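Here is the structure we will look at.
Residue numbers (UniProt numbering): 1 to 256.
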């Protein structure tokens, strides 16, 4: 029953929005106004087929590689920098300067340096996702309880053992928050990078449909991007609950 209530609560608002949308577009003849039933029909007839392999698969590959690289590099660098006060002071101004530059602005430069292949698109996704993960990892290490830190040091816990059993678990909730913030950034940059100087991908195909005035498939592609975001968020939510079960259990006990 708990799972049923959770699913019902999650679907209630989307169902209401779609119902209002459907009622509001009934009888309209404007070809630029999307209708939910036609969007669903175009999604199945156009995207669920050869395009799913030809256009969606390359996009997901770029997203996963760029996001995965950002998770690994951001977590490791964040833990190392967060553990050193000197490193935080040295890198703080540089990080703030680089973070202030919007990643899409770098796309023309990356295209000139790396070309129009997957490298420039993956690196753009990597760069955009790196900062929320890196900064949250640094903050997570900085927020470690100093009493517990001194206790582990007094017991001779150093090196990998201290990192594995104390630093990483303590910083993990903030790291997972950074990854959650990076998910929509990865999807946005995936689409943006494919809209310019690309030969495949969801963004490329949506732009092609727009330029050829195929409004139905274009809106269906936008719907597909949203559905991909929902699926990724659901999968990540499951991973987060499993990896932070001890943390959520502790929070529940504190509330009681």
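Each residue gets a CB set at the ideal place from its N, CA and C atoms; glycine is no exception. The structure presented is a predicted model; accordingly, all values stated were derived computationally and were not measured.
Which residue comes first and which comes last in the alpha helix (DSSP H) that contains residue i?
i           : result
residue 195 : Segment: none, residue 195 is in no alpha helix (DSSP H) and carries neither H nor E.
residue 240 : 215-243
residue 157 : Per DSSP, residue 157 belongs to no alpha helix (DSSP H) and is neither H nor E.
residue 131 : 118-142
residue 54  : Taken as a continuous stretch (DSSP letters only), residue 54 belongs to no alpha helix (DSSP H), as it is neither H nor E.
residue 110 : 107-114
Kindly give me the distance between the Cβ atoms of residue i and residue j, rounded to whole angstroms, as I take these residues to be in contact under 8 Å.
i           : j           : result
residue 37  : residue 22  : 7 Å
residue 198 : residue 67  : At roughly 18 Å, the Cβ-Cβ gap does not stay under 8 Å, so residue 198 and residue 67 are not in contact.
residue 167 : residue 86  : No, residue 167 and residue 86 are not in contact; Cβ-Cβ is about 17 Å, not under 8 Å.
residue 123 : residue 110 : 6 Å
residue 175 : residue 133 : 7 Å
residue 202 : residue 56  : 6 Å
residue 148 : residue 243 : Incorrect: roughly 20 Å between the Cβ atoms, too far for contact.
residue 162 : residue 152 : 6 Å
residue 12  : residue 182 : So it is not a contact: roughly 28 Å between Cβ atoms.
residue 88  : residue 131 : About 15 Å separates the two Cβ atoms, so there is no contact after all.
residue 62  : residue 118 : 6 Å
Taking only three categories from DSSP, how would you classify residue i?
i           : result
residue 39  : helix
residue 79  : helix
residue 50  : helix
residue 100 : coil
residue 74  : helix
residue 212 : coil
residue 151 : helix
residue 33  : coil
residue 26  : coil
residue 84  : coil
residue 201 : coil
Among the residues of its own chain, which have a CB less than 7 Å from the CB of residue i, if the five just before and after it don't count?
i          : result
residue 43 : 220, 223 and 224
residue 18 : 36
residue 91 : 81
residue 33 : 25
Apart from the five residues just before and just after residue i, which ones in its own chain have a Cβ nearer than 6 Å to its Cβ?
i           : result
residue 138 : 78, 81 and 82
residue 128 : 103, 185 and 189
residue 65  : 122
residue 200 : 55 and 58
residue 170 : 144
residue 245 : none
residue 39  : 219, 220 and 223
residue 192 : 104
Got a sec? Which residues, its chain only, sit under 8 Å from residue i by beta carbon, not counting five neighbours each side?
i           : result
residue 28  : 35
residue 184 : 229
residue 210 : 218
residue 204 : 55, 194, 195 and 198
For residue i and chain B, any beta-carbon pair shorter than 8 Å?
i           : result
residue 102 : In the displayed structure, chain B is absent; only one protein chain is listed.
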